[in-house]
Amino acid sequence: MRLSVIFKFKFLWVSLFFLILLIGSVVVGYFVAPKANPYTPAGQEAAAPYAIPYWASIFYGNLPPDIKVPSNYNLIAAKSPSVLDYWHVSNLTINGDHVLVLWNSTFGPQGESSFERTLSTFGNTGNGSIELIITGPNPLNLTLYHSFNYNYLLPNSLNSFLIQASLFYQSSNANFLFNGYLINPKNQSFWMFITGNTIPANLAALSAVIKYIGPKSWNYILSSSGDAELTPWYYTANLPPSVSAIASDILLHYAFNTTGDYTVKFQIQYLPSNANSKLTLYLSDLYFEFLGSRYGVLGTDNSGASVFAEYAQGGIFDLILALIVGAVIVGVGAVFGLLAGYYGGKMDQILTSISDFILLIPGLALLIILITIFQQVFLGANKVILIAIVLIILSWPPTARIIRGQTMAIRNMPFVEAARALGMSNFQILRKHVIRHVIPIIIAQLIFDIPAVIGVESALDFLGIGIITFPTWGNMLGFSAHAALSAPSFAWWWILPPGIALFLLGISLFYLGEAITRYYGTMVGETR
Amino acid sequence: MAFLNYALRRAVDRIILLISLLIVMWLIVEGLPELFGINPAVWYAPVGQLGKSAEFYQNIIQDITRIYGFNKPIYVQFVDYFKALLSFNLGYDFQHHEYVISEIMRALPYTVVLTVPPLLLQTILAILLGSYAALKRNTWIDHLISNYLVIQYNIPGFFILAVFWVIFAVYMKIAPISAVAVISFSKPLTVLDAYWLPWLILTLIFGFPVRGILMRNTMIDVIDSDFIKYARTVGFREKIIRGMARRNSLIPVITRTAIDLAFVLSGIYFVEYIFGIPGMGYLGVEAALELNIPLLVGSFYLLTLYALLILYINDLIYPLIDPRIKLR
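Quick mapping for you: the protein sequence lines, in order, are chains L and G.
For the first sequence, position 349 matches number 349 in this note's numbering, and the numbering has no gaps at all.
For the second sequence, position 276 matches number 804 in this note's numbering, and the numbering has no gaps at all.
So this is what it looks like as structure tokens:
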């Protein structure tokens, strides 16, 4: 074997460069970017919608990034004792009341029914909580706080912030209220939620952010400026009814109206009824996040999901699908092509007429019809498998035809005749002579089929006929183009990566196939 | 006489193909579902009626079953289907309350105007660039043109389209946001206004990769052939030699153009989708998205019929432009 010859082709190096670049970026993305499906809430709200890539802020000015308080999962989920220092709580004795602050490593949030996981919310995080034991006869306000610096451009209406907590209590002869606040540098205090085992009568409207909680179970509370119904001003009289629907936006701009040090504050109001009163409160998942306008390597899409995650997950799916479908196409094509080319006759006629039939009708239109109707006929069938099957049905004949042509050329070569004269059986000749000479064509065909499969599949996804429930490069392009067409809000960081990836994949595999074909040419003595 | 014989034989071939296509279509749309116990009438019923009461919906299904004869024996259904398609009775679109054929006829001009001018421009460019690359074989010009063709072949069109649409229509505002809003066929200027960008993209970016490469490779073969070498030895001027070589290389390109012409009407889903042109591609995508089976199948049938017709005409023209070919 003169394997080294193949390395002399310039094409090969170009293609390998692009291919490694592409696959490398997908693999890096798989390890770096969030793993949750970006088309479900669990993979969204990584940052504000249409956040630019982090590095692109040189073009857009000093946009705010995500601000997380605390920034570390161990502190959020109270997995380490330093959470007590972080929120500035400690034992104290005041006015006849005793506050005992402990870190409890064996008890933590679980079974919170109102919690919905996104990339910016934390709940049901398991063992680990702050345990506060308050005893004494007198009312007491206990505050947990942490400050952060906001030194960026003021937020636009896509930004939002949220504040959340998980709590569990046991009380005897004591009521309590648990409030969340955001305090801005002008010392304006923005009340975000109130919860507890008693709710003041003037806040009677029970809602997502003003709620009564019962004992003996973990409770999750979330207040946000991203959604009017999670905003306290939507329920209170701070705003006239005419604008309450945009309460969240108003709250955001009132709260973030200057740069400087902001404070996140959780306040416990202890309301004892007699000298034996005791309240045990477990707190965890205390968390504030400002969803910023720059995020990660490739920014976010229109629902705040990481584009890099979509790119990586879509790339992995596309490449695996194309590899499998391409292999099946080439496998089926090779079998039919070899048999038809070697034996000829009826087999050849059938193959030729099937491939004629498929080549002579508009391919994409037929594909759309088949997928639309198969979806209705095989209800509940996996769409990926459906698309794969339709692609295979429509794509194997042309491949078989190319292999057939090559087989026919080889069948008529002198060495095959010699082998036949020596008395080798047809099967032996096929195995020893024909397949060995067709293998490079089969490999090249596989390499040409991969981008073709990805291209067609992406086209279907782009049009919304194929896969839309999880990311592929095609539906990324579809959704980003659709967002650009309808809003129009054109996110170049969203539309370019899948487009360029598809393009590079096509180019690199084309050149790779070209190099293999030419290598084969040098092997059989062709010079070009 | 030989030509007539050939023409008839090809016609028979194409008609067999058409009939097998009809059989396959019937199998997909009616045969297969009925085999699986689904009444195809549910696809013909307008989706908007699903929300109505069960009894009301059932009545609609029964009416459609009766009108289309889904309750008849299966071979009668097949014959009916066959007759209907051959007489261009493509059915009624219950979702848009219109006959499928009239919807298609309304969409067709948009697509024809969109696709045919670029096809001509593409072919001219393919011939010019391909022959130029062949003449400058293995120089940087050849590599440039060849790689340009490879790029055209691999570029995912839908992504380029969206980017161009944003740049030219949204930011620079020199193309309309949606073509359907401005276009009126009685005023040629509005057609130009709406179509210049799609035309340009179709010509230069979707392009002519197969035709260009075909032209280049054929031209190289022709230049290497004996009669050109002979012409060189005789001492013809280079310009005349090039003319001879070009004319002989044109044949495969023209054939390929005809094949492209056959499929051009169906291959422009993305252009129409992005630029808001209510043509055949847009119709097909809309139909697939709203499960509008009559419209989908009807437009597919007409597109295929058109493709077969063009391919047959191509078969007939082929021996005329290349007398060397043996009639088969």
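Cβ coordinates follow ideal geometry from the N, Cα and C atoms, glycine included.
As the structure is a computational prediction, the values presented were derived from the model and not from experiment.
The Cβ of G:N682 sits closer than 9 Å to at least one Cβ of chain L.
Per DSSP, G:M700 is not a residue of any alpha helix (DSSP H), being assigned neither H nor E. Annotation note: the stretch 135–192 of chain L contains the following uninterrupted beta strand (DSSP E) runs of length 3 or greater, listed N- to C-terminal: 140–150, 160–172 and 174–183. No residue range can be given for L:G464, since it is assigned to no beta strand (DSSP E) and is classified by DSSP as neither H nor E.
For the options L:Q110, L:Q445, L:I329 and L:Q349, the alpha carbon positioned closest to that of L:V390 is the one of L:I329. Rounded to the nearest angstrom, the gap between the Cα atoms of L:V83 and L:F288 is 14 Å. Taking a cut-off of 8 Å on C-beta distances, the stretch 658–674 of chain G does not touch the stretch 784–799 of chain G, as fewer than three cross pairs fall below it.
Taking 9 Å as the CB threshold, L:T469 stays off the interface with chain G.
Secondary structure in the stretch 659–703 of chain G: the alpha helix (DSSP H) runs of 4 residues or longer, each lying completely within the stretch, are 668–682 and 685–692 in chain order. The beta carbon of L:I435 sits closer than 8 Å to those of L338, all from its chain and outside the five residues before and after it, given in chain order. Residue-level contact by beta carbon holds for G:Y797 and chain L, with a gap shorter than 9 Å. Following the DSSP letters along the chain, one finds G:I588 in no beta strand (DSSP E) but inside the alpha helix (DSSP H) bounded by residues A582 to Y596. At a Cβ-Cβ threshold of 9 Å, L:Y295 and L:A47 count as neighbours.
Considered as a whole, the stretch 347–416 of chain L harbours 363–377 and 383–411 as its complete alpha helix (DSSP H) runs of no fewer than 4 residues, in chain order. In this structure G:V607 is exposed. Its beta-carbon is surrounded by fewer than 16 other beta-carbon atoms within 10 angstroms. Annotation for L:T280: no alpha helix (DSSP H) segment contains it, though the beta strand (DSSP E) segment containing it runs K278 to L291. A straight line joining the alpha-carbon of G:I838 with that of G:I543 spans about 13 Å.
Contact of L:A484 with chain G is assigned, a C-beta pair being separated by under 9 Å. Residue pairing by DSSP places L:V101 opposite L:L132 in a beta bridge. Taking 9 Å as the cut-off, the Cβ atoms of L:Y150 and L:D301 do not count as close. The three-state secondary structure of G:Y638, taken from DSSP, is helix. A straight line joining the alpha-carbon of L:F11 with that of L:V332 spans about 28 Å. Look at the stretch 826–844 of chain G: the residues with a C-beta under 8 Å from a C-beta of chain L are S827, F828, L831, T832, A835, L836 and L839. Taking C-beta atoms under 8 Å as the contact rule, L:S223 and L:V209 qualify, at a distance of about 5 Å. If you compare the alpha carbons of G:P561, G:F736, G:N682 and G:P601 with that of G:P646, the shortest gap goes to G:F736. Exclusion of the five residues before and after L:P41 leaves E116, R117 and T118 as the residues of its chain whose Cβ lies within less than 8 Å of its Cβ. In this structure, the beta-carbon distance from G:A835 to G:F803 does not fall below 9 Å.
Secondary structure of L:K68 (DSSP, three-state): strand.
Along the stretch 309–339 of chain L, none of the residues has a CB nearer than 8 Å to a CB of chain G. Apart from sequence neighbours up to five positions away, the residues of its chain that approach L:P34 with a beta-carbon distance below 7 Å are G43, A46, L119, S306 and A309, ordered along the chain. For G:M700 and G:V694, the gap between their C-alpha atoms comes out near 8 Å. The continuous alpha helix (DSSP H) containing G:I768 extends over residues E766 to F791. Proximity of G:P561 to chain L, defined by a Cβ-Cβ separation below 9 Å, is satisfied. Among the bridge pairs identified by DSSP, L:K265 is matched with L:Y145 and L:Y181.
For G:I556 against L:I373, the beta-carbon gap comes to about 6 Å, under 8 Å, which counts as contact. The continuous beta strand (DSSP E) containing L:N219 extends over residues N219 to S224.
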